[in-house]
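Q: The structure that follows is given in the form of structure tokens.
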Amino acid sequence: MKVEIKRLSDCPLKDGVEAYNRGFEGYFYDQAKTIETFASRFGLEGISPEHSVVAYYEGKPAGIVLSGIKRINGEVIAWNGGTGVAKELRGKGIGKQLMNTALDIYRENQVKYATLEAISRNEGAIQLYQSLGFKLVKKMKFLQYNEQFPKGIFNNISTYHAELVAPIELNKVDFYRNETSWQNHKDNVHGGNAVILWDEQNEIAGYSLFKKFYKEGAVSSIGLLQLEVAKGRDDRQDIMKALLKHSFSPLDRAFQRTTVNTPEENTELLELLAECGFKQWEEQVWMVKQLYNP
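Given below as structure tokens:
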């Protein structure tokens, strides 16, 4: 079987789009891209054409691995932003060839950790990644609520001051969660929002990171990317309620509110969301492979 693998930066953009669309045909969700929506991922999600690869089979684009590389918290991290192989060519080893080439590129760039997310139901992909040395680190939940919130649902007895900041300003939070999926990291949330919650002693009690989407001048959806509470707090429920109130406002309107990649170990938050009416609609796994150990 004649397979040639090239860096995306050395391919016509239309070939990258064709490889992506063929690679994700029949996926769990519609992933079809136009040239414009495909190219937008380079800026919005930190995908690098230089670090991404395309497989050609008999001269036609047949598969792709999209990647981004960035220094996060002092370590060089790589993210797999999508691996796909044309439907009729799956199971023939092309995905493994693509991934091995991508891993070689990561090593060239002294990447310490290669990371990726995969839908939990995608057992074939997970098995492929495990065969390449990726470890399943955690499961992550997607919850959703589309209704207007009942009055007073996030009321609490404590008093806090909420500071609306840019995501990068979460640097001042010493318990910020760095070990998270690429899309949930403050450095990769373009156009996002963050809230730092201060208590009456002027100490940081918690924070949230989220992104609002708009249609015709009004909020149409909100994705909650992170919500964390300082360790040792007796008022954890109140802190979470206050952060949810600020993250999901306006509360008196019905639109889609989603939690994105909420770690399953964050049980208190998941239980509180369930009490508020959120329902799980998807689950992903976060997988990591250590490549470089200086």
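In our numbering, each number is its position in the sequence shown, counted from 1, plus 14. Beta carbons: idealized from backbone N, C-alpha and C, even for Gly. Just so it is clear, the structure is predicted and the values come from calculations on it, not from any experiment.
Thinking C-alpha only, which one of 256, 307, 71 and 84 is nearest residue 65?
A: Closest by alpha carbon: 84.
Q: Are the region 234-244 and the region 259-277 touching by the rule of at least three beta carbon pairs closer than 8 Å?
A: The region 234-244, when compared against the region 259-277, does touch it at the 8 Å Cβ threshold.
Q: Which one of 259, 160 and 60 has the shortest CA to CA distance from residue 200?
A: Of the candidates 259, 160 and 60, the one whose C-alpha sits nearest the C-alpha of residue 200 is 60.
Q: Check for me: the beta strand (DSSP E) holding residue 97 runs from which residue to which?
A: Residue 97 -> beta strand (DSSP E) spans 89-99.
Q: Where residue 228 and residue 118 are concerned, what is the direct C-alpha to C-alpha distance, given to the nearest angstrom?
A: Cα to Cα, residue 228 sits roughly 40 Å from residue 118.
Q: Would you say residue 62 and residue 77 are within 7 Å of each other, going by their C-beta atoms?
A: The answer is no: Cβ separation not under 7 Å.
Q: Return the first residue and the last residue of the alpha helix (DSSP H) that residue 139 is part of.
A: It spans 137-145 - the alpha helix (DSSP H) in which residue 139 sits, taken as one unbroken run.
Q: Please classify residue 252 as buried or exposed, where buried requires at least 16 other C-beta atoms within 10 Å of its C-beta.
A: Result: buried.
Q: Please report the Cβ distance between residue 157 and residue 287, rounded to the nearest whole angstrom; I am assuming they are in contact, meaning their Cβ atoms lie under 8 Å.
A: Confirmed, about 5 Å.
Q: Along the chain, where does the alpha helix (DSSP H) containing residue 34 start, and where does it finish?
A: First-last of the alpha helix (DSSP H) with residue 34: 27-37.
Q: With DSSP run on the structure shown, which of helix, strand or coil describes residue 55?
A: Note: residue 55 maps to helix in three-state DSSP.
Q: For residue 58, count neighbouring C-beta atoms within 10 Å of its own C-beta (all shown protein chains included) and say buried if the count is 16 or more, exposed if not.
A: Classification of residue 58: exposed, given that the 10 Å Cβ count is below 16.
Q: Starting from residue 218, trace the beta strand (DSSP E) both ways and give me its first and last residue.
A: Taken as a continuous stretch (DSSP letters only), the beta strand (DSSP E) holding residue 218 covers 218-229.
Q: Please state if the CB of residue 113 and the CB of residue 275 are separated by a distance shorter than 7 Å.
A: Taking 7 Å as the Cβ cut-off, residue 275 and residue 113 do not qualify as a contacting pair.
Q: Anyone know if the C-beta pair for residue 30 and residue 79 falls short of 7 Å?
A: Result no, Cβ atoms of residue 30 and residue 79 do not sit closer than 7 Å.
Q: For residue 190 and residue 210, what's the separation of their Cα atoms in angstroms?
A: Roughly 11 Å between the two C-alpha positions.
Q: Which term fits residue 129, buried or exposed, when burial requires 16 or more other beta carbons within 10 angstroms of its beta carbon?
A: Buried, because 16 or more other Cβ atoms sit within 10 Å of the Cβ of residue 129.
Q: Helix, strand or coil for residue 119, going by three-state DSSP, please let me know.
A: Three-state DSSP puts residue 119 in a helix.
Q: In this structure, what does DSSP give as the bridge partners for residue 13?
A: Lying outside 15 to 308, the shown extent of the chain, residue 13 is not represented and no answer is given.
Q: Identify, in the order they occur along the chain, each residue of the same chain with its Cβ nearer than 6 Å to the Cβ of residue 206, setting aside the five sequence neighbours on each side.
A: Excluding residues within five positions, the ones whose Cβ falls inside 6 Å are 181 and 225.
Q: Could you check if residue 173 belongs to the surroundings of the ligand FAD, using beta carbon to heavy atom distance under 6 Å?
A: With respect to the ligand FAD, the structure offers nothing, as it holds no ligand at all.
Q: Please list, in chain order, all residues of the same chain as residue 279 whose beta carbon is under 8 Å from its beta carbon, the five residues on each side excluded.
A: Cβ within range, chain order: 152.
Q: Our contact map puts residue 208 next to residue 183 with C-beta atoms below 8 Å; I'd like the distance itself, whole angstroms only.
A: Right, the Cβ-Cβ distance comes to about 7 Å (below 8 Å), so this counts as a contact.
Q: Whose C-beta lies closer than 8 Å to the C-beta of residue 136 among residues of the same chain, with five residues either side of it excluded?
A: Excluding positions up to five away in sequence, the list reads 42.
Q: Determine the burial state of residue 32: buried for a count of at least 16 other Cβ atoms within 10 Å of its Cβ, exposed for fewer.
A: Counting Cβ neighbours within 10 Å, residue 32 comes out buried, since at least 16 surround it.
Q: Are residue 134 and residue 282 touching if we call contact CB-CB under 7 Å?
A: Going by C-beta atoms, residue 134 is not nearer than 7 Å to residue 282.
Q: Can you give me the Cβ contacts of residue 160 inside the same chain, cut-off strictly under 8 Å, excluding the 5 residues immediately before and after it?
A: 268, 269, 270 and 271, listed in sequence order.
Q: Indicate the three-state DSSP secondary structure (helix, strand or coil) for residue 181 in the structure shown.
A: Of the three classes helix, strand and coil, the one that applies to residue 181 here is helix, per DSSP.
Q: Contact check, residue 34 vs residue 98 under 8 Å by CB: the rounded distance?
A: Rounded, the Cβ-Cβ distance is 6 Å, consistent with contact.
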